[in-house]
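**Q** So the protein sequences, as listed, match chains X and C. Quick note, the first sequence lines up with residues 918 to 1532 if you use my numbering. Quick note, the second sequence lines up with residues 16 to 365 if you use my numbering. Idealized CB from N, CA, C, for every residue including glycine. It should be emphasised that the depicted structure is a prediction, and the values quoted were computed from it without experimental measurement. One structure, as structure tokens, below. Some questions next.
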Amino acid sequence: MALKKDRVVELENAVIRFAGDSGDGMQLTGNLFSDSTAFAGNDFATFPDYPAEIRAPQGTVAGVSGFQIHFGHSDIHTSGDLADVLVAMNPASLKANMGWITKEAIIIVDTDAFIEKNFNKAGYKNDPRKDGSLVGHQVVEAPITTLTREAVKELHIDNKSAQKSKNMFALGMVFYMFNRDCKKTHEFFERKFKANPIVVKANQTVLTAGYHFAHTIEAFANTFKIEPAPLDKGLYRNVTGNLATAWGLLAAAERSGLKLFLGSYPITPASEILQELSRHKQFSAIAFQAEDEIAGIVSTLGASFAGALPVTSTSGPGLSLKSEAIGLAVMTELPIVIVDVQRGGPSTGLPTKSEQSDLMQALFGRNGEAPVIVMAAISSSDCFYSAYEAAKLSLEHMTPVILLTDGSLANGSEVFRVPHVADLPSITPPLVEANDPNFKPYLRDPKKLSRSWAIPGTEGLRHRIGGLEKENISGNVSQDPLNHQKMSKIREEKVNRIANYISELDVIGEEEGELLVVSWGGTYGVMLTAVEELRKEGINISMAHFKYIKPLPKNTREVFARFKKILVCEINLGQFVNYLRMNFPEYNYHQYNKLQGLPFMVTELKEKFTDFLKK
Amino acid sequence: MAETIKTKKLELTKEDFESDQMVKWCPGCGDHAILRSVENVFPQLGIPKEDFVVVSGIGCSSRFPYYMNTYGIHGIHGRAAALATGIKLTNPKLSVWMITGDGDSMAIGGNHFIHMARRNADINVLLFNNKIYGLTKGQYSPTTPKGSKTKSSPQGTFEPPFNPGELVIGARGKFFARVVDTNPKMMTEVFLEAAKHRGTSIVEILANCVIFNNKIHGLITARETKEDSQIFLHADKPMIFGKEQNKGLVLTSSGLEVVTIGENGVTLDDILVHDPYKADPGVHIMLCEMKPPEFPAALGVIRSVKAETLESLVWNSIEHEKRTSPLKSVDDLLRTGNTWIIGENGNSKN
């Protein structure tokens, strides 16, 4: 929490973490604070942190659900390293988050929950407020549960229901702390609980009570204010990566004039894409929940053959199951977008945690020579544009695209400047007109090498495709040795030529120099923040971030040549760095890897980069 | 209303559906006869030839799409049902035919198969049951009779087999029929019924693999005994069979029984009348389970129950949403919910 000036203290940015039992409504609390942050005009990014179990045992560290928001006056690219403010609804929440707050963090605790029984559940021997572990922190103690009950006494609701709104008491306190207006949130309750006026009233009352309580007891030494961020003018909203992905796909369907077909199977952390697309039948979007991952992709390939914009969404274990069908898509040269929201692996791994460890699987995880486009979204809002582009490339080049996002992007949210669909690049799939006398199933566009798309139901274009190798042009089944080699090379070359249709690699910072840090996909925000901060401190460091993995941008080799050292950072054991070693073996690559189910932190990257420069 | 298959009078012939590809099944394989029957059926349906899609998985039978001059897709092992579902949902006006075998649909694709039966999209399924893996050269399949010696069961199989009809009905399938590859007339008649049925119609074809499982259906199909070992069921007709057409089926407290008309006071009126339209699956399952020598094998349309199709439910829902949703474009969607405007001066307005 960088201080700008004294008294009604003005801040550049702040990080708040709301933590409670998984039934305490911390996600809602965090989302309401995000909305209020949007209205205050700040830039922000959020990240939920919840257990894999829906309701892990109450009061235990395993059951703690958290929501972090990082907001500020300048551009915000990450959900923040360490929290400046922690709201801990019980001892377990405190215990689980002590490692994730600054040394001076303000901690708001519900004293009603700080009782013997809960200390034991959380694994504390004694009251953590008295054992010296909170020294340095400003601890704000409030009997939140009691005060919540008191506040709604006149509404005559039962204790259990009353206690459900205690999260709003805490939110009210934080609203006071950051000089926020309760009015918008009151309106939200009116919309959300329209059918239940008592619940509306209860939440409004408790929120206001929390706000006044903080004021009355002078809970905080100061209150804080963060000026609006200088964002470009336009219409904004808050969006998670999964929502942005779903919307980008819908936009692509509309722009291409195709029906959207999603064949998918529920899997954490990708299910929201299926859920969101199932809500939009008004756009002729078909969301088919298949019986398994394989049927998810294969039904999508059927839809692709039948002329839809075909999409399947999954996470790592699901991608494994889809491998054979991706091969069929490669062989039939049909379009399909495969969204892989990466999570910790292998096997079931860490379902709710994020990783970048499916890269090699996306690139090579199939039998035979089976090249596909691989690209990776770089932020929650970029998921919109990446999904759109994945659809465009897949349709226009008749090839599968694997779009990698990850759990952090998928569940994290950030501010999104809402575009107009008409302003997005056009999408023109190579559809064949009825009775085209020149139609052959594997006749190719000379530039792109893509075949054309003849949709069942179109007169004069009947043809057969399938998983067996085909003769070029005619599409007849062929086991001819030379034809197989030729077709394999064409399929590879078709994907490689995509390099002519994607943006080149940008260098952030000097175009040449001592150190180029390299990253890909979801780590963009944290890498950028670390690099920008170091550059402000006068350190000569440049950055290149990859969105396109296969093919790599055309200028990659030339960019690498301009730097003395290259350091590749990723959330795995070194998959991208090895891919680079394979593609450009003439350079010496250093690597920094982390594999804890956690994102990079700005501070750790800065430290790593500084140390590295000293070597 | 959802788009459904439209039929009209068309002057199509068998030749319209014959492909120019060499048919590579073994000489004497039952699949040849099935192909000819399908080529006979397609022109009779009044469906434009470009509206047919033939889909398959992997196996001998699954080469079928290459031998039909229609739109076709030869998929991967076991997954034809998923391909067919995606095609039908995307474009309900297509007549979708899925060609599969006992390995493809009872083993590796078992999961897709039962869910297809449950969902009831209008897909016509021809299940070639030769009770063996042919393309991989003779291993036992999930329909191979227990104890059979095959390449992968030298001591005889230890596994009780699936009965496809029972599986279909158990999975809440609405249409099940069975035919033999030795009777083209029966195949044509039943394939026509399957095509007309709205919903997933599954036809089990007792097919002969001349190389690896020759005469596996011999008890049912042998020329000399077939009248006594087959009963060709027809809706609303009594279940009679036999060389003299004097044998019949009656339902007793212990299940189905074979009786002879004119013996023990049994008359034609005592014989069970076939009702494929009945939702209750009891008799249909019993019919599926019958086998010689105790019973004749039930052939023809065993079950044909009306139900809404998956694609009509989905597309009716789409039409409804299109009419009623306030969201007319993706731009509308992006602007719903909490949004805010940043103006020239960078200040936030609601």
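Less than 8 angstroms between CB atoms is the rule here; does X:N1155 satisfy it with respect to chain C?
**A** yes
**Q** Taking Cβ positions only, does X:H1380 come closer than 8 angstroms to chain C?
**A** yes
**Q** Cα separation between C:I246 and C:K262?
**A** 10 angstroms
**Q** Any chance the CB of X:A1000 is under 7 angstroms from a heavy atom of the ligand SAM?
**A** Looking for the ligand SAM in the displayed structure turns up nothing, as the structure carries no ligands at all.
**Q** First and last residue of the beta strand (DSSP E) that includes C:S52?
**A** Per DSSP, C:S52 belongs to no beta strand (DSSP E); it is in the alpha helix (DSSP H), 46–56.
**Q** Would you mind listing the alpha helix (DSSP H) stretches within the segment 128–167 of chain C that are 4+ residues and don't spill past its ends, in chain order?
**A** none
**Q** Using 8 angstroms as the cut-off, can you tell me whether the segment 1122–1135 of chain X makes contact with the segment 325–336 of chain C, which would need three or more C-beta pairs spanning the two stretches below that distance?
**A** no
**Q** Assign C:K364 to one of two classes, buried (16 or more other C-beta atoms within 10 Å of its C-beta) or exposed (fewer than that).
**A** Confidence in C:K364 is poor, its pLDDT being 44 and thus under 50, which makes the residue's placement unreliable; the coordinate value appears in the next sentence. So C:K364 ends up on the exposed side.
**Q** Under 8 angstroms between beta-carbons, which chain C residues line up against X:V1538? List them in chain order, please.
**A** Because chain X is modelled from 918 through 1532, residue 1538 of chain X falls outside the range shown and cannot be assessed.
**Q** X:T946 CB to nearest chain C CB: under 8 angstroms?
**A** no
**Q** What is the C-beta distance between X:G1151 and X:R1334, in whole angstroms, given that I count them as a contact (C-beta under 8 angstroms)?
**A** 5 angstroms
**Q** Quick one: residues in its chain with C-beta nearer than 8 angstroms to the C-beta of X:F1110, no 5 flanking neighbours on either side, listed in chain order?
**A** V1116, V1117, N1120
**Q** Could you tell me whether the Cβ of C:V56 comes closer than 8 angstroms to any Cβ of chain X?
**A** no
**Q** Would you please verify whether the beta carbon of X:P1347 is less than 8 angstroms from any beta carbon of chain C?
**A** no
**Q** Counting only runs of 4+ residues fully inside the segment 1239–1270 of chain X, write out the alpha helix (DSSP H) ranges in chain order.
**A** none
**Q** What three-state label does DSSP hand X:T1162 in the structure shown?
**A** helix
**Q** If you run the structure through DSSP and keep just helix, strand and coil, what is C:N261?
**A** coil
**Q** Consider the Cβ of C:Y148: report whether some Cβ of chain X lies at a distance smaller than 8 angstroms.
**A** no
**Q** When burial is assigned at 16 or more other CB atoms within 10 Å of the CB, is X:F1480 buried or exposed?
**A** buried
**Q** At least one CB of chain C closer than 8 angstroms to the CB of X:L1226: is that the case?
**A** no
**Q** Work out the CA separation of X:E1033 and X:K1070 for me, nearest whole Å.
**A** 27 angstroms
**Q** Note down, in chain order, all residues in the segment 987–1015 of chain X with a beta-carbon under 9 angstroms from any beta-carbon belonging to chain C.
**A** none
**Q** Would you list the residues sitting across from C:M121 in a DSSP beta bridge?
**A** Partner(s): none; C:M121 has no beta bridge.
**Q** Between which two residues does the beta strand (DSSP E) carrying C:C224 extend?
**A** Premise fails: C:C224 is in no beta strand (DSSP E) and is neither H nor E.
**Q** Spatial neighbours of C:S216 within its chain, please: C-beta separation below 6 angstroms, excluding the five flanking residues on both sides.
**A** Beyond the five residues adjoining it in sequence on each side, C:S216 comes within less than 6 angstroms, by CB distance, of N139, F190, A209 in the same chain, given in chain order.
**Q** Under 8 angstroms: do the segment 288–306 of chain C and the segment 269–278 of chain C share three or more Cβ pairs, one atom per stretch?
**A** yes
**Q** Strictly by DSSP, which residues pair up with C:F256?
**A** C:K262
**Q** What's the C-alpha gap between C:A48 and C:A99?
**A** 23 angstroms
**Q** Just checking: is the beta-carbon of C:S363 within a distance shorter than 8 angstroms of some beta-carbon in chain X?
**A** Reliability fails at C:S363, whose pLDDT of 48 lies under 50, so the model's placement of it is uncertain and no value is given.
**Q** Any beta carbon of chain X sitting closer than 8 angstroms to that of C:G90?
**A** Yes, its Cβ sits closer than 8 angstroms to a Cβ of chain X.
**Q** Roughly how many whole angstroms lie between the Cα atoms of X:N959 and C:D66?
**A** 55 angstroms
**Q** Report the rounded CA-to-CA distance for C:V345 versus X:A1202, giving the unit in angstroms.
**A** 11 angstroms
**Q** Check each residue of the segment 1204–1234 of chain X: if its Cβ is closer than 9 angstroms to any Cβ of chain C, include it; give the result in chain order.
**A** Listed by position along the chain: F1205, A1207, E1208, D1209, I1211, A1212, G1213, I1214, V1215, S1216, T1217, L1218, G1219, A1220, S1221, F1222, A1223, G1224, A1225, P1227.
**Q** Which bits of chain X does C:G153 rub up against, with CB to CB less than 8 angstroms?
**A** In chain order: nothing, as chain X lies at least about 22 angstroms away.
**Q** Just tell me which of X:D1299, X:F1095, X:L1276 has its CA closest to the CA of X:V1291.
**A** X:L1276
**Q** In chain order, which beta strand (DSSP E) runs of at least 3 residues are fully inside the segment 1426–1494 of chain X?
**A** 1430–1437, 1459–1463, 1465–1467, 1480–1487
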